[in-house]
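Have a look at the structure below before the remarks.
Protein chains in written order, with this note's numbering: chain A, 1163 to 1410; chain B, 64 to 218.
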């Protein structure tokens, strides 16, 4: 019945919908009686309502809260440039969200990004505006073959960051390393090239002269929390953010 | 990073490797892309929720997917209110094959799909369905004969 085998191959022509995001949304919603109604499965992530987002945040906190705690990867201070103190103690009820943070007011939690080779994204944490000044920490993620190919800096030094091997350059400057459009006077960028699953994740961390040691350390903890895997030509990563980072 | 986040990365890897074949297998099982989509999304949602208790998530999502799809078909059959959404499939998949599969009892259909489409051996079919290997042999043998017969009739 070779012919039957061939006829089954016709199934490969049918396009398969992407359902992972739907599965993760369902996972944090109230348990459903199986099977679910057909009206729910097509729910596009982009149309997820604020209510669902709230369920996502609250639900994950309830569902996974007890098992989420301090990142299990132990920083290696001697190999982590600028690491000044022990890791922060995240809340025991950190929500798990697999996307980049939104444009404002994001809670602490696990976020994520998927990037193809050559793509990048960024975020920042602005603090102290109420004091009349304000200072900013910026972080840019990029998937590149060589994170230091087009910029300037000293020789990269080997580092191990949260269990990931890589290299680090400080100070560093080059195209695409800033989240904000222009570099301001006194800002410093540290550039990581981290090996993940056969790909290279570039992390460009930039801070102001007035950024405190604790703030910089918290930003480095974000880098240390990064985990990922290869996806096509690129990477999918997840990382833990304290409150305050946004993409606005 | 957390153990939970690591679990989620691993489960998504399982999704990336298994979901397309599972969805198409469930499409063959149900002839309805809505049933297939609902079963895949719900199976992985439950895998995320119950991850600590699942030893082999690859086999587990297949078992759960077929269970959910079968339950959905039963429910819809009882309600008798919704016809399968098969319109666009006729230009993509082999409609005669899907019709013939629909004529098989549920367990025979499952075994035949896993054998022909997934190329799974008896042991793997047993793992993916929860049937014993003897039951798989029996259902596969009967299902293949019946499918051959039905395909002959449908030509």
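Beta carbons are placed, not taken as given, at the ideal position from N, Cα and C, and that holds for glycine.
On a predicted model such as this, the values are computed, not experimentally measured, just so you know.
Where residue i meets chain A, residues with beta-carbon distance less than 7 angstroms
i, result
"residue 111 of chain B", "1185, 1186, 1189"
"residue 90 of chain B", "1173, 1176"
"residue 104 of chain B", "1181, 1184, 1185, 1188, 1203"
Residue i at chain B interface by Cβ criterion, 8 angstroms
i, result
"residue 1170 of chain A", "yes"
"residue 1173 of chain A", "yes"
"residue 1400 of chain A", "yes"
"residue 1382 of chain A", "no"
"residue 1272 of chain A", "yes"
"residue 1389 of chain A", "yes"
"residue 1234 of chain A", "Note that residue 1234 of chain A has pLDDT 33, beneath the 50 cutoff, so the model's placement of it is unreliable and no number is given."
Minimum Cβ-Cβ distance from residue i to chain A less than 8 angstroms
i, result
"residue 200 of chain B", "no"
"residue 93 of chain B", "no"
"residue 187 of chain B", "no"
"residue 167 of chain B", "no"
"residue 119 of chain B", "no"
"residue 81 of chain B", "no"
"residue 100 of chain B", "yes"
"residue 68 of chain B", "yes"
"residue 75 of chain B", "yes"
"residue 156 of chain B", "yes"
"residue 147 of chain B", "With a pLDDT of 48 at residue 147 of chain B, under the threshold of 50, the modelled position of this residue cannot be trusted; read the value that follows with caution. Output row for residue 147 of chain B: interface = no."
Under 9 angstroms by beta carbon: chain A residues contacting residue i
i, result
"residue 86 of chain B", "1176, 1178, 1179, 1181"
"residue 107 of chain B", "1181, 1182, 1184, 1185, 1186, 1188, 1189"
"residue 72 of chain B", "1389, 1390, 1391, 1398, 1400"
Chain-ordered neighbours of residue i on chain B, where CB pairs are closer than 7 angstroms
i, result
"residue 1361 of chain A", "In chain order: nothing, as chain B lies at least about 14 angstroms away."
Neighbouring residues, chain B, relative to residue i (Cβ below 9 angstroms)
i, result
"residue 1166 of chain A", "160, 175, 179, 207, 210, 211, 214"
8 angstroms Cβ cutoff met for residue i and residue j
i, j, result
"residue 78 of chain B", "residue 1275 of chain A", "no"
"residue 1399 of chain A", "residue 1303 of chain A", "yes"
"residue 1356 of chain A", "residue 1300 of chain A", "no"
"residue 1174 of chain A", "residue 118 of chain B", "no"
"residue 1367 of chain A", "residue 1277 of chain A", "no"
"residue 167 of chain B", "residue 206 of chain B", "yes"
"residue 1354 of chain A", "residue 1390 of chain A", "no"
"residue 93 of chain B", "residue 132 of chain B", "yes"
"residue 1326 of chain A", "residue 1358 of chain A", "yes"
"residue 1285 of chain A", "residue 1369 of chain A", "no"
"residue 82 of chain B", "residue 103 of chain B", "yes"
"residue 1316 of chain A", "residue 1330 of chain A", "no"
"residue 1272 of chain A", "residue 68 of chain B", "yes"
"residue 185 of chain B", "residue 199 of chain B", "yes"
"residue 128 of chain B", "residue 90 of chain B", "no"
"residue 163 of chain B", "residue 203 of chain B", "no"
"residue 1405 of chain A", "residue 1185 of chain A", "no"
"residue 1403 of chain A", "residue 1385 of chain A", "no"
"residue 52 of chain B", "residue 124 of chain B", "What the structure shows of chain B is the stretch from 64 to 218, and residue 52 of chain B is not part of that stretch, so it cannot be assessed."
"residue 1418 of chain A", "residue 1279 of chain A", "Chain A is shown only over 1163 to 1410; residue 1418 of chain A falls outside these bounds and no answer can be derived."
"residue 1298 of chain A", "residue 1283 of chain A", "no"
"residue 1348 of chain A", "residue 1313 of chain A", "no"
For residue i: DSSP bridge partner residues
i, result
"residue 1335 of chain A", "A:1314"
"residue 1289 of chain A", "A:1297"
"residue 185 of chain B", "Residue 185 of chain B pairs with nothing; no bridge assigned."
"residue 1364 of chain A", "A:1304, A:1355"
"residue 1401 of chain A", "A:1273"
"residue 1330 of chain A", "A:1319, A:1354"
"residue 1393 of chain A", "A:1396"
"residue 1282 of chain A", "A:1304"
"residue 1408 of chain A", "A:1286"
"residue 1369 of chain A", "A:1299, A:1350"
Per-residue contacts from residue i into chain A (C-beta, under 8 angstroms)
i, result
"residue 122 of chain B", "The contacting residues do not exist; residue 122 of chain B stays about 17 angstroms from chain A at best."
Interface partners of residue i on chain C, CB under 7 angstroms
i, result
"residue 116 of chain B", "No chain C is part of this structure, whose protein chains are labelled A and B."
Residue i: CB within 7 angstroms of a non-hydrogen atom of the ligand COA
i, result
"residue 174 of chain B", "In the structure on display, the ligand COA does not appear, and there are no ligands present to speak of."
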